[in-house]
Amino acid sequence: MTKKVTPRLVMAILSAGMLSFLGILDETATTVTFPILTRDFAITTDQVQWVNTLVLLVIATIVPISSQIRLRIPTKKIFILGVSLFILGLLIDIVTPWFDLLLVGRALQGIGTGIGLPLMYNIILAEVPKEKLGFMMGIGTMITACAVAFGPVFGGIVTDALNWRWIFIISLFLIVISLLTGIYSIRQINPLQKVKIKYGQWLSLAVALVCLMLGFTRIAKYSFLSVPVLGFLVLGIISLLIWLKISWSDKEALISPQLFKNLRFSMQLIAYCFAKIATLALGFIFPIYVQAVNHGSVSLAGWITFPGAVINALMAALAGKLLDKKGARLPIIIGVIASLTSLILMNILAPLSSIAIVLLYVLYYGGYGMCFGSLMTSGLITLSKANHAQGNAIFNTLQQFSGALGTALAGTLIAIAQNNHVGNGTAIGSKWTFMVLLVLIIVNLVLALVFVPKKKSK
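So, in C-alpha cells, the structure goes:
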C-alpha cells in the first residue's frame, strides 16, 4: 500500500501533536505564574516548583514503558486515554482551591503528556512516505518548539488579562477539539503484539527516579542526614540497584544498562543532562526574577524569555546543517562556549536588569540550541544501529528527569536563600544557582573536548 500525506493523516498528526503541544505549553506558561501561586496558596518557592517538576517527573516515568504500551494497546485507545487523563487534570486545575489537589491535576496532565509525546512521532514514522518524512518530522519538532517559545508569553498575557486558571480553561477548549478530530482521523499504526510488559523493571526505575527527586527537593527544609532527605535518597539508590540487577542480563530490557559501558555514549549523555538541567533552571528563575527582584509585570516575565526561545529554534536548525557537514564536535563546542560565556556574565553582572536577562538568555539559549540536539545525535552514533532505540529511550527518559531536576535545583536554592535572607532571598538564591550552573557547563566543555569525536562518524 502506497503511503500518502492525506488530509486525514495531517489531522491525525496535528491531533496527537496538540496533546504534546498543550502539555509543554502549560508547563512553560505556568512558570510565569509562580509568584502569584505562592501568594494564592500561601506556599514557598520550593513547593511551587512542583507544579512543573511533578509533570516532568511523571513524563520521565512514562517514557520507558511507552513503547510496550504502543504494542499492546490500539493507537486510538492510547490517544483517547492520554487526552482523557489530560482533560481530567485540567478540570482539577481549574476548580481546585488547594495546592495539593492542583498537583494531582498536574500529575494527570503529565501522564497524558507522557502518552502523547511519542504518539505524534510514531504516527509520522508509520504513515508518512519516505520522501516527505524529513519535512513532517520537522513539523512535529516545530509544534513542540512553538510551545516552548510561546508558553511564557501566553501565560503572562492570560494571567495579566484574566487569571492563571484561564491558562487551563483555554487549554481545555483546545484539547476537546483535538479529541474530536483525533477520534475521527487516528488509525492503527502497527500490528498489535502480546508483548510481556516488564512491570518489575518499570516500577523499580520509576520508584528510583521519584525517591531521588523527593530526597533532593527536601534539602530546602531538612538537613542532609535527616530521614526526609537521606531516607528518600537511600531508597532511591536501592531501587536503582534493583533495576540494574533485574535489567542487566535482559536482552529485551525496557532500558538496557549495558549501554552505559560505552564511555563516549555515557559522557555525552551526562553533558546532555547537564545542559537540560541548566536550561530548565534558568527558565524557572528568570520569570520569578523579573517579578520579585525587578518588580516587572507578569506579561513582561513572559516576554523576557521569548527572544531566547526563537534563537534556540534557529540555532538548532543551523546545528543540524553543521553536523551533517562537519560532524557533531563543531556545533557542540560552539554551543557550550556560548552558554558558558552567558553564565560567566550572569555571575559577574548579577543583579541583572531585565534587558541584561534578555540578552544573556539569548546568548545562553542560542548556545543550547547549537549543542543540545547534537549531543544526542553524537551519543547515539557511538552505538550500533541495533541499540539506537534503547539509546533513544535513555536520552528521552533522562531528558525529562534532568528537566525536573533543573527546576527543583533552582527552586530549592532560592527557597534556602529566602529562608535565610529575607527581602533579597530571590536575588541571592538566583546567584547561587548561576554559580552551580556555571560549574555544570564548565564540566560540559571538558566532556565535549574529550569525548566528542573530532571527525564526523561514518
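Its first residue numbered 12, the sequence shown is counted upward by one per residue in my numbering.
We treat Cβ as the ideally placed atom computed from N, Cα and C, and that holds for glycine.
Spatial neighbours of residue 2 in its chain, beta-carbon cut-off 6 Å, leaving aside the 5 residues before and after | Outside the shown range of the chain (12 to 469) lies residue 2, about which nothing can therefore be said.
Inspect the beta-carbon positions of residue 318 and residue 42 and report whether they are closer than 8 Å.
-> no
Would you kindly work out how many angstroms separate the C-alpha atoms of residue 266 and residue 253, rounded to a whole number?
-> 13 Å
CA-CA distance, residue 93 and residue 360?
-> 45 Å
With distances taken from CA atoms, which of 257, 306, 15 is nearest residue 134?
-> 15
At least 3 beta-carbon pairs within less than 8 Å: the stretch 259-273 vs the stretch 432-451 = Segments in contact, no.
Taking the CB atoms as reference points, tell me whether residue 162 and residue 34 lie closer together than 8 Å.
-> no
From the DSSP output, in three-state form, read off residue 467 for me.
-> For residue 467, the predicted structure reports a pLDDT of 49, less than 50, and the residue's modelled location is therefore unreliable. The matter cannot be settled from this model.
Limits of the alpha helix (DSSP H) - the one that residue 95 falls within | 86-106
Report all residues from its chain with a CB closer than 6 Å to the CB of residue 188; omit the five preceding and five following residues, and keep chain order.
-> none
Going by the beta-carbon positions, is the gap between residue 383 and residue 286 smaller than 8 Å?
-> yes
Jot down the residue ranges of each uninterrupted alpha helix (DSSP H) in the stretch 156-215, minimum 4 residues, whole runs only, in chain order.
-> 176-196
Whole-angstrom distance between residue 111 and residue 104, CA atom to CA atom = 10 Å
Which of helix, strand or coil does DSSP assign to residue 115?
-> Three-state result, residue 115: helix.
Return the residue from the list 394, 20, 84 that minimises the CA-CA distance to residue 206.
-> It is 84 whose Cα lies nearest to the Cα of residue 206.
Are the beta-carbon atoms belonging to residue 32 and residue 200 less than 8 Å from one another?
-> no
Roughly how many angstroms separate the alpha carbons of residue 79 and residue 88, rounded to a whole number?
-> Here the C-alpha atom of residue 79 lies approximately 14 Å from the C-alpha atom of residue 88.
Assign residue 64 to one of three DSSP states: helix, strand, or coil.
-> helix
Are three or more beta carbon pairs between the stretch 424-431 and the stretch 274-282 nearer than 8 Å?
-> no
Go ahead and label residue 468 buried or exposed: buried means 16 or more other beta carbons lie within 10 angstroms of its beta carbon, across all protein chains shown.
-> Note on residue 468: pLDDT 45, under 50, position unreliable in the model; the coordinate value appears next. When all chains shown are included, residue 468 counts as exposed.
Ignore the nearest five residues each way along the sequence and tell me which others in residue 355's own chain have a CB closer than 7 Å to its CB.
-> 449
Answer yes or no: do residue 128 and residue 221 have a C-beta to C-beta separation smaller than 8 Å?
-> no
Do you know how far the Cα of residue 61 is from the Cα of residue 114?
-> 7 Å
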